[in-house]
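Just so you know, we're using the working numbering here: the sequence shown kicks off at 725 and counts up by one. Just so it is clear, CB atoms sit at the ideal spot from N, CA and C, and this is done for glycine as well. Just so we're clear, the structure is a prediction, and the values are computed from it rather than from any experiment. For reference, the structure is listed below as C-alpha cells.
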Amino acid sequence: MEHSISTPSPVHPHASARRVTLVTGAAGGIGQALCRRVLQAGDRLIALDHDARALQGLPAVLAEQGVSAEDLARLHPLVADVTDCAGLCEKVAAATAETGPVDVLVSNVGAARGPTVRKTTPQDWQADIQLNLNGAFHCVEAVRNAMVERGSGQLVLIGSVNALTTLGHPAYSAAKAALVSYTRSLAMELGAFGIRANIVLPGTVKTPAWQARADKNPQVFEQLKKWYPLGDFATPDDVADAVLFLASPAARVITGVALPVDAGLMAGIRPMAREITVEDY
725 MEHSISTPSP VHPHASARRV TLVTGAAGGI GQALCRRVLQ AGDRLIALDH DARALQGLPA
785 VLAEQGVSAE DLARLHPLVA DVTDCAGLCE KVAAATAETG PVDVLVSNVG AARGPTVRKT
845 TPQDWQADIQ LNLNGAFHCV EAVRNAMVER GSGQLVLIGS VNALTTLGHP AYSAAKAALV
905 SYTRSLAMEL GAFGIRANIV LPGTVKTPAW QARADKNPQV FEQLKKWYPL GDFATPDDVA
965 DAVLFLASPA ARVITGVALP VDAGLMAGIR PMAREITVED Y
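Right, dumping it as C-alpha cells:
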C-alpha cells in the first residue's frame, strides 16, 4: 500500500509553532483544569466563557493552581455565548485574528435544569437542548471551516455518562446522547480533511456544579461511591487527561470514540450483580 505524504499547512502570520486550543466553559471546574493543563502543555489558549466576571478572575485562579506567568501570557480570554451562533462565530474569528486559527476545540459548556421528567418544563427542555447540544454545534461551526481549509484539527466534545443510561435530568441527558451521534458524524465526514472528533463522557466529577446537591445531602458523595467499581470519582484533572490524550498525536488514529471517564460506572454495577447472582463480588 502506498502512503501519501501530507504537505505542512502554511503558518498563520500571527501564530507561533504552538497549537491554539479553544476551551469553552473555561471558568467552570472542569474548564479550569483544562485551561491549566493546556497552558502548561505549551499551547496558546482561547478561554471562552459567558461569565465575564469569572473569566476576569481566571488568571488569578490558574496562578494559584501553579500556572506560571510565562504560561499565563498565552491566555486569551473571550467572553461569548455559545447559544448565539452568529455572535460566537464573529467573536472567535476576531480572537483567532490575534492568536492564529484554532487547532484544538474543547467544547466543554454544559448545565442541567429539570431533574426529572415531571419537573422538566418546556422552557427547561429548550434551555438544556440549546446549551448542551446546539451550543456544541455552534462551537464546531465557529472553527470547522478553518480546520477544513488547513486540512487538520482536533474536536473534543465533553458529554456525560448520562448519554448512555438513565441517571436523571432527561433534557440534559437527551442532549448529551445526541452529542455522541453528532461526534460520530463529525468523525466520519471530516476525517477526509485530517480532522478527528471524539467525545469524553465524565461520570460524577466533584465540581461546583454539584454543590447544590451536596447542600441538600452532605453525604451524597459517600453514598454514590458504592455504584462505582473503583469506589472513587473522576477529578477535573482526570477529564483533562483524557481530553489532552485524544487531542494529541498519540491518538492520531482515534476518532469517533465516546470515552467514559467514570471510575467504571458504565462497566457494570457491583451491588446489582451481587443481588442478581446471589454471589459475593
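In the DSSP assignment, find the unbroken alpha helix (DSSP H) run with residue i in it and report its ends.
| i | result |
| --- | --- |
| residue 823 | 809-823 |
| residue 779 | 776-780 |
So, with DSSP's three-state summary, where would you put residue i?
| i | result |
| --- | --- |
| residue 745 | strand |
| residue 888 | coil |
| residue 954 | coil |
| residue 984 | strand |
| residue 963 | helix |
| residue 942 | coil |
| residue 992 | coil |
| residue 929 | strand |
| residue 978 | coil |
| residue 740 | For residue 740, the predicted model reports a pLDDT of 42, less than 50, meaning its position is unreliable and no value from the coordinates is stated. |
| residue 840 | coil |
| residue 677 | Examination of residue 677 is not possible in this model, given that the chain is present from 725 through 1005 alone. |
| residue 867 | helix |
| residue 860 | helix |
| residue 874 | helix |
| residue 798 | coil |
| residue 851 | helix |
| residue 789 | coil |
| residue 755 | helix |
| residue 750 | coil |
| residue 997 | helix |
| residue 835 | coil |
| residue 936 | helix |
| residue 784 | helix |
Between which two residues does the beta strand (DSSP E) holding residue i run?
| i | result |
| --- | --- |
| residue 902 | Premise fails: residue 902 lies in the alpha helix (DSSP H), 894-914, not in any beta strand (DSSP E). |
| residue 920 | 919-926 |
| residue 882 | 877-882 |
| residue 770 | 768-773 |
| residue 829 | 828-831 |
According to DSSP, residue i sits in a beta bridge with which residue or residues?
| i | result |
| --- | --- |
| residue 973 | According to DSSP, which records beta bridges pairwise, residue 973 is partnered with nothing at all. |
| residue 803 | 773 |
**OP:** Answer yes if the region 890-909 comes into contact with the region 837-844, meaning at least three C-beta pairs across the two stretches below 8 Å, and no otherwise.
**Re:** yes
Original post:
Touching or not, the region 788-795 and the region 818-828, by the rule of three or more beta carbon pairs under 8 Å?
Top reply: no
Original post:
Are at least three pairs of beta-carbons, each pair with one atom in the region 952-969 and one in the region 926-937, less than 8 Å apart?
Top reply: yes
**OP:** Pair every Cβ in the region 983-998 with every Cβ in the region 910-930, then say whether three or more of these pairs are closer than 8 Å.
**Re:** yes
**OP:** Flag this pair as touching only if the region 963-970 and the region 754-761 have three or more C-beta atom pairs under 8 Å; answer yes or no.
**Re:** yes
**OP:** Mind the definition here: the region 797-816 touches the region 856-868 only if three or more C-beta pairs lie below 8 Å; say whether that holds.
**Re:** yes
Subject >> Touch test, the region 839-853 against the region 774-787, Cβ-Cβ under 8 Å, three pairs minimum >> reply: no
Original post:
Counting Cβ pairs closer than 8 Å, one from the region 895-912 and one from the region 878-885, do we hit at least three?
Top reply: yes
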